[in-house]
Amino acid sequence: MDNTKQIGERTYSFGTIPPVEAVRVEVSVARVIGEPLFKAFMDAKKTGSTEKDAEQAGATAIGLLLSKMDADELLATMETVFKYVTCDGKRVEINATFAGRNKELWQVFIGALRFNFSDFLPAGLFASVQSAVTK
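The sequence shown runs 31 to 165 under the working numbering.
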């Protein structure tokens, strides 16, 4: 998977989150969106599942992430993820990098999660979460 992505007029590079920190991120995210992740995974395995099923699971997942994580927990998770992301060659700092770019913040966060965790999460989930964030 390519570790760079053009978002807006800037280029973001995603680094690999070390295993111990990756487990912390996975647990934080899975605790609040575990059921939709499981549903999306199972739907992807079923014969006859549709892209709409994955989109619905992804929309539910991002909604739960926003509604069930408190702000401090979400920011701590984002800070861990963003330690391994650069923007035009400079390490991402949430306030400096994303001032006036709230939508871009979510696009980069989802992109970094996708880069680091796509090996065991259903692709349809990331596509639908990305779609929900860009609307």
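Ideal Cβ positions, reconstructed from N, Cα and C, are used throughout, including at glycine.
Item                                                                                   : Value
For residue 121: DSSP bridge partner residues                                          : 116
Identified DSSP bridge partners for residue 58                                         : Answer is none; residue 58 lacks a bridge partner.
Paired residues, beta bridge with residue 40 - DSSP                                    : 37
Status (buried if at least 16 other CB within 10 Å, exposed otherwise) for residue 142 : buried
Collapsed DSSP secondary structure at residue 102 in the structure displayed           : helix
Pair within 9 Å by beta-carbon distance, residue 59 and residue 116                    : no
Beta-carbon proximity of residue 40 to residue 118, cut-off 9 Å                        : yes
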